[in-house]
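**Student:**
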Amino acid sequence: MDWGNSALQWLASEEGWRVLSGAIIPALAIITAGIIAALIGRGTTRRLIAMQQRDALGAALGGFLLAGRKAAEWTVLSDLERAQLDHLIAEAETRIRLLPIAGAGLAASWAAHELAAMKRDSAGFQFQAQQTLAEYRDRLVAWSERPRQAKKLFGADLERWRYEEAATPSDDGPTTRGGGEGAHAPEDTWIPQTSASEPSPLTPEPPTAVATATGSMPLIITSPLPASTVRDRVLPASAG
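For the sequence shown, the numbering used here assigns the number 2 to the initial residue and increments by one for each residue that follows.
(1) Could you give the distance in angstroms between the alpha-carbon of Ile90 and the alpha-carbon of Asp158?
(2) In this structure, does DSSP put Leu100 in helix, strand or coil?
(3) Report buried or exposed for Leu81, applying the criterion of at least 16 other Cβ atoms within 10 angstroms of its Cβ.
(4) Can you give the beta carbon distance from Ala84 to Ile97, rounded, assuming they're within the 8 Å contact cut?
(5) Spatial neighbours of Ile192 within its chain, please: C-beta separation below 7 Å, excluding the five flanking residues on both sides.
(6) Got a sec? Which residues, its chain only, sit under 8 Å from Ser1 by beta carbon, not counting five neighbours each side?
(7) Would Ala72 and Ser123 be called neighbours here (beta carbons separated by less than 8 Å)?
(8) Only counting the same chain, and skipping five residues up and downstream in sequence, which positions put a Cβ closer than 6 Å to that of Glu16?
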């Protein structure tokens with residue numbers, strides 16, 4: 002208690018009051034003002050960052066919604082419009098994946114799958130494509146308002162699609178591995194065929210006409226027949 006009483010007496014003195022009013026009080030005021038300014042600056046910075054993220058998210062969602070309306074009319078689009086739509090989808094998906102927002106990857110994967118489904122349904126199921134477009138728009142808007150609910154909005158669909166893709170057998174590869182039916186694809190067999198122009202070894206060559214030097218009738222030279230052919234022709238005649 003003695004040191005407390007001594008401090009109070011010193012502050013009550015003229016010298017203590019001069020130190021208190023000239024150094025301690027201004028220092029406390031400066032520290033307090035710095036803390037308040039830091040808090041204000043932090044809040045302002047966070048609001049600016051959130052505003053920029055909101056603008057980027059709105060632009061990406063706008064691209065996805067425009068792509069959804071175009072995908073629902075995929076069959077009536079020209080080749081140039083389809084190429085532009087694919088470019089728009091890829092750009093919007095990349096923008097959303099790059100956003101530092103919770104669930105951005107889930108939302109991008111879900112939206113890309115829904116766009117592919119709308120392209121398929123636009124050929125013969127126009128009503129189904131329009132229904133998919135309405136649900137697609139509502140879920141993306143709900144996620145933009147509450148990004149942390151992305152798993153609740155998109156997780157079940159993504160898991161179901163992943164299971165269906167894993168359960169569906171691939172049409173490209175073989176159905177079974179190892180032995181058994183269907184294990185190997187049929188192989189093409191090559192059967193060599195004799196060319197029509199290739200002469201048979203038993204067929205005598207046609208006679209060749211050779212002109213004489215005197216200009217008289219040409220000599221006809223034939224190639225000798227094989228011995229087996231001559232034997233087959235002579236033996237039946239002698240036997241009869």
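Glycine included, every Cβ here is placed at the ideal spot set by N, Cα and C. Here the structure is a predicted model, which means the values were calculated and not measured.
**Tutor:** Let's see:
(1) 20 Å
(2) coil
(3) Label assigned to Leu81: exposed.
(4) Actually they do not touch by this definition, with Cβ atoms about 21 Å apart.
(5) At Ile192, the pLDDT of 48 sits below 50, so the modelled position is not reliable; the number obtained from the coordinates is stated separately. For Ile192, where only same-chain residues beyond five positions count, there are no Cβ hits under 7 Å.
(6) No statement about residue 1 is possible, as the shown extent of the chain runs from 2 to 241 and does not include it.
(7) yes
(8) none
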